[in-house]
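Scroll down for the structure; my scribbles are underneath it.
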Amino acid sequence: MELRRASSTTFDGLPVHGGTEVVPLLRAGLLRADTLVDIRGVVPRDISPGRIGAGATLAQLECDPGIPDVLREACRLAASPQLRNMGSLAGNLLQSTRCWYWRLNWPCRLHGGDECFAREGEHREHAIFANDYCASAHPSDVAAALLALDARLRTTAREFPLAELYRLPTEGDRRTTTLEPGEVILEVTFDECDQSVYLKAMERKRWAFPLVGVAAVRRGGETRVALAGVAPVPWLLSGELDSATPLPRNAYKVDVARALVKRARATIGT
Amino acid sequence: MQLTVNGHQYEVHGEVGTTLAEALREELSLTGTKIACGEGHCGACTVLVDDEPVLSCITLVHAVDGARVTTIEGLRDHPMIDAFVRSDALQCGFCTPGQIVSAVALVESEPAPTTEQIRHAMAGNLCRCGAYPKIEEAIRTWQG
Amino acid sequence: MARLIRTEKEVEGRYEEVWLVVEEDSLDQWPAGPREVVGRDAVRVDGRERATGQAVYTADLAKPGMLHTAVLRSPHPRARVASIDLAPALAMPGVHAAIGPGDIEQLTSDCSFQGEAVAAVCADTLAHARTALRAIVCDFDVLEPLLDPDEAVRQGSLLGAARERSRGDYERGLAEADVVVEAEFRTQVVLHNSMETHQAVVEWIADGVEVHISTQYIWGIRDAVAQGLALPPDKVRIVCHYMGGGFGSKNGPDDYTFIAAELAKRTNRPVKCALTRREENTAAGNRNATIQRLTVGARSDGTLTALGGEFVNAVGWDGWSSGTEGPMQMLYACPNVKTTTYGAKLNLPPMKAFRAPGFVEGTFGLEALLDELATKLDLDPLELRRRNHTDATPDGSEYSGKNLLECYRRAEPHWERRHEVRARSTKTVKRGVGMASQIWYGGGGPPSYAWIRVGSDGRATVVTAMQDIGTGTKTAMAQIAAEELGIPLEHVTVTLGDSDRGPYAAISAGSSTTPSMGPAVRAAAADARRQIEDIAEQRGLKGAPVHEVVDVLEDSQILGKGARGPNPTGMQVLTFGVQVAEVAVDIETGEVWVERIAAVHDVGRVINPLGASSQIEGGIIQGIGHTLSEERLHDPATGRLLTTTLDAYKLPTIADVPEIVSELIDEPDAHLTNLGSKGLGEPPIIPTAAAIANAIRDATGADVRRLPISREEMLRALHEAEARQKEKVGAPAGV
């Protein structure tokens, strides 16, 4: 294997920034690469109101008072302190599911197979929305926060709403992101908001992925609520939770989500 | 490649893909840094890279070229060591070097951290023996 | 004069008879209370080595020319190896040897649980070994596994016979009851997750073998390795200076030691075989799951008339059926008790002892059941325990020492807090207080030995071949020696960890190190002290400090030896305690968190209060993990494990720790050895889950019946409590 340092945003090979996803996945055999490209030198990392370089770490965002509450709290409650020091904003958005079947390399749909083992199996941490084809849950607190902020991404190829970074896997295309090979996220932007909050339910007080994460943002009379941990992609809540389609052993997530959404709305004055 | 560890320069010959933890322990025989999970989940392998706590078991050694690495061996005279021993903030001791590295980083930026700050900063260092209450005590009283 | 006797020895609740050589031990116990050194806080004598990273664990050991091992383990709960070809692995770079099914007993082609070892490769580096392992061509015929414990009982797939224990007349006791409560409880599989994984470095030297191993039982490993390799035990050297946790999982050599031994023999090199974290969580042992179907009958004043239970231990493929029924049989005065315990043999990885095996699970079921009874009787739960306290053992013998009533008394101030705690409830967060009793073993037993040498500088070295698994027993031994000799603690060195360099020492399991080794160390120190007193007499220096008495010795040394005497006969040597938990429950999200735990334990004389408080905190924190977040999951269809990594298997973090207040009765057990000390390793983990479950009931009225108390379980119990409440309210008047 080779590790090169990128001198521009055009390169051949697998990009790596903080390495907190790429390195463990490589070592677990879930990713293969002959050439790794260290992109830390070519991806912006500066932070200003409403504009964040994709290379900024969660640790930097966690303690920046200019960052909206929802994003700061999502960073603060994400991962562990060491991972927050190492991991980049864009890397966090692109992280893979924690679904144990996927992580243990079962031949599931995301791995190109023809079954979702979680649906009939152990799915207590899995999706309660859009879980028909694949029941994996998206683990990123930060993605939910940015989705609630209605953030936009700028990559080396295009500019688009964050929501379009994600897609549900289908029979014809199993990917959960729309990033093309060689396309690098450079920057995240969002408008300021009046009030925002992030509430997270997890199995221990720190260092756990969201069972349910609720990001809520109010701008004037408009509210956006996005959820982490409830669907294969970060989930923008439109309407109520009654449209959820829980599996037999994860219906509790609907109760949890309902309570947290109610509290989040109350906190931001909706 | 050149690696700067605890103020010394070392030549490292491991191939690309070797982690910082592996290079420290196997090539440089600096076995104070422990590998307990090897996947970035437990914090036992915590070292400082440019003064920030990171997980050396998922850091590629070739990616810290040019950075300053500090391991537990480089903290031998730090008062935090005495604080841990005095407070009995260790039992089997396997997670302890990683705990001390994280603790040192915390007090360098926050010399008198609150309980909340301690718990937040140390949440990435697992201890199966359950020395947590005394680890908190050690950090609260580290200045002696 | 040396005497040979036959006596009883207990480890982890299992009794066996052993032969023992005893010498007269005329040492009286010290009077209760802190002494010069014993009974006072002491920092760990090896704390600095561990904290600085200088301590060399087996994981850190690198011998010249050492090879590294990767093991192929069955990925299936039940499978047969249809074909295996090691040749591609042997052809890979850096590879020195490969072994497969039949080469040693530990490698099999008939796999009965996931993780059972099939083949192994050793190479220059771990990376080479792992790459080579992937080159092995191995085809499995996957077979249908037996996974369900109740089904196993139905089919008669059991480890040993079902264990029936009864006293009195259970049916009549039930008939006499004014109130009967029945409930089913389930507990989960819990993984030890010691921070240092299981591993050994084996080297053949001359006509013997040297094994460095992360272990709780140096002498047990020596015996097992000697037997396994057909060597005289004297030719087997076991070394363990520092080890990174065991909690019961490291009492035996398992497969990796013999894999390393065989590879070392074939390559003529030292070979390390270390488990990865995933292997650790697959095949290095676990606390098995249990199903407990329990019944209690009582009179309206709370006195128990009947206790009954069916216990199913989901043991796995191997191990033993632990005493889950123990608390029900042993804790309370109840004349009619009937229990049946099954050890279900399943295609799941074998259980291993884990910090009070059976009793943690059984205490959860029993104490939660009793609290449900207390609610029905409208009786204070602590008062219910007091009313059923007994000073006589069920079989009519005596306790060597029992201060459970005193534990209850000292728990009262903590129990009193419940009014104030409940008052701090809000609309969505309810707070409550619960308690649970603890009973366990911890008397240790013979044999255990120590030697001591004192030089002309008046400093002493205690020579043992014991292990300190992180509990601080090394420090306790130093304190005991210092106390007996009358010298400062700083003048005592303890050596340990090498079977070539000291006499037999007990296992560090079953809370037995302090009560087994401690008296031996004291006896050795007393032996030395008497010799020093003889010399003092001759020099006209009676009463002078030790270093003055021995300053003429030059190269001469005072050598003392001591042995652990027998346990008192006809007495049960047990430990007791109580914990009071304060919890908060978010009744909308099902989140549970523990805010405070008060622990009072009776373990005889405490040698090191500082070390003891660490043991208590550690046990409680493990108890909290067991109660709230830890669970090994497997895929229901195939039985394959799903939670083998530390992101999926959730240990408590520092952020999950409540306020912990602990107290030890610290009264020497007058009948037990020259110390009166029992073990503390296990008692603190035993009542925690039950106390938390009972606090939840106090806070919310909800009956949690399974561990861990996940969001799902908490919300289920809350909804059920709500439904019960509605039923009560909705009942027509006058009915």
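Residue numbers (our numbering), protein chains in the order written: chain W, 330 to 599; chain H, 17 to 160; chain B, 26 to 760. Glycine included, each C-beta is placed from N, C-alpha and C at the ideal position. Quick caveat: nothing in here was measured; it's all calculated off a predicted structure.
Residue i, buried or exposed, once every other Cβ within 10 Å from all chains shown has been counted against 16
i, result
"residue 522 of chain W", "buried"
"residue 231 of chain B", "exposed"
"residue 652 of chain B", "buried"
"residue 41 of chain B", "exposed"
"residue 407 of chain W", "buried"
"residue 124 of chain H", "exposed"
"residue 158 of chain H", "buried"
"residue 662 of chain B", "exposed"
"residue 24 of chain H", "exposed"
"residue 528 of chain B", "buried"
"residue 262 of chain B", "buried"
"residue 489 of chain W", "exposed"
"residue 380 of chain W", "exposed"
DSSP-derived helix/strand/coil call for residue i
i, result
"residue 759 of chain B", "Residue placement at residue 759 of chain B is flagged as unreliable, the pLDDT there being 49, under the threshold of 50; the coordinate-derived value follows with that caveat. Looking at residue 759 of chain B - three-state DSSP - the assignment turns out to be coil, as it is neither helix nor strand."
"residue 686 of chain B", "strand"
"residue 158 of chain H", "coil"
"residue 702 of chain B", "strand"
"residue 424 of chain B", "strand"
"residue 113 of chain B", "helix"
"residue 458 of chain W", "coil"
"residue 338 of chain B", "strand"
"residue 497 of chain W", "coil"
"residue 213 of chain B", "coil"
"residue 99 of chain H", "helix"
"residue 396 of chain W", "coil"
"residue 112 of chain H", "helix"
"residue 238 of chain B", "strand"
"residue 163 of chain B", "strand"
"residue 596 of chain B", "strand"
Residues bridged to residue i [DSSP beta-bridge criterion]
i, result
"residue 205 of chain B", "B:322"
"residue 467 of chain B", "Bridge partners of residue 467 of chain B: none, in fact."
"residue 24 of chain H", "H:21"
"residue 586 of chain B", "B:476"
"residue 604 of chain B", "B:461 and B:624"
"residue 135 of chain B", "B:105"
"residue 381 of chain W", "W:376 and W:517"
"residue 147 of chain B", "B:94 and B:122"
"residue 366 of chain B", "B:188 and B:336"
Proximity winner among the options, relative to residue i (alpha-carbon distances)
i, options, result
"residue 13 of chain B", "B:548, B:472 and B:717", "The shown model of chain B, from 26 to 760, leaves out residue 13 of chain B, and the question about it has no answer."
"residue 562 of chain W", "W:469, W:511, W:488 and W:595", "W:469"
"residue 559 of chain W", "W:344, W:501 and W:452", "W:452"
"residue 435 of chain W", "W:467, W:400, W:494 and W:358", "W:358"
"residue 667 of chain B", "B:181, B:432, B:383 and B:304", "B:304"
"residue 118 of chain B", "B:400, B:156 and B:378", "B:156"
"residue 35 of chain B", "B:583, B:28 and B:43", "B:43"
"residue 481 of chain W", "W:382, W:465, W:590 and W:519", "W:519"
"residue 316 of chain B", "B:389, B:266, B:379 and B:299", "B:389"
"residue 420 of chain W", "W:410, W:368 and W:487", "W:368"
"residue 270 of chain B", "B:734, B:497, B:740 and B:30", "B:497"
The stretch 73 to 92 of chain H contacting the stretch 24 to 38 of chain H, beta-carbon criterion three pairs below 8 Å: Between the stretch 73 to 92 of chain H and the stretch 24 to 38 of chain H, the count of C-beta pairs closer than 8 Å reaches three or more; the two stretches touch.
Using 8 Å as the threshold, is the stretch 570 to 587 of chain W in touch with the stretch 451 to 458 of chain W, meaning 3 or more CB pairs across them? The answer is yes - the stretch 451 to 458 of chain W touches the stretch 570 to 587 of chain W, with three or more Cβ pairs under 8 Å.
Decide if the stretch 277 to 286 of chain B is in contact with the stretch 225 to 245 of chain B; the criterion is three or more beta carbon pairs, one per stretch, under 8 Å apart. Result yes; three or more Cβ-Cβ pairs closer than 8 Å.
Does the stretch 633 to 649 of chain B come close enough to the stretch 675 to 686 of chain B to have 3 or more Cβ pairs within less than 8 Å? Verdict: yes, contact present.
With a threshold of 8 Å, are at least 3 pairs of Cβ atoms found where one atom belongs to the stretch 84 to 91 of chain B and the other to the stretch 654 to 669 of chain B? Touching, no, given that fewer than three Cβ pairs across the two stretches are closer than 8 Å.
Decide yes or no for the touch test of the stretch 413 to 422 of chain B against the stretch 680 to 688 of chain B: beta carbon pairs closer than 8 Å, at least 3 of them. Output reads no: the stretch 680 to 688 of chain B does not touch the stretch 413 to 422 of chain B.
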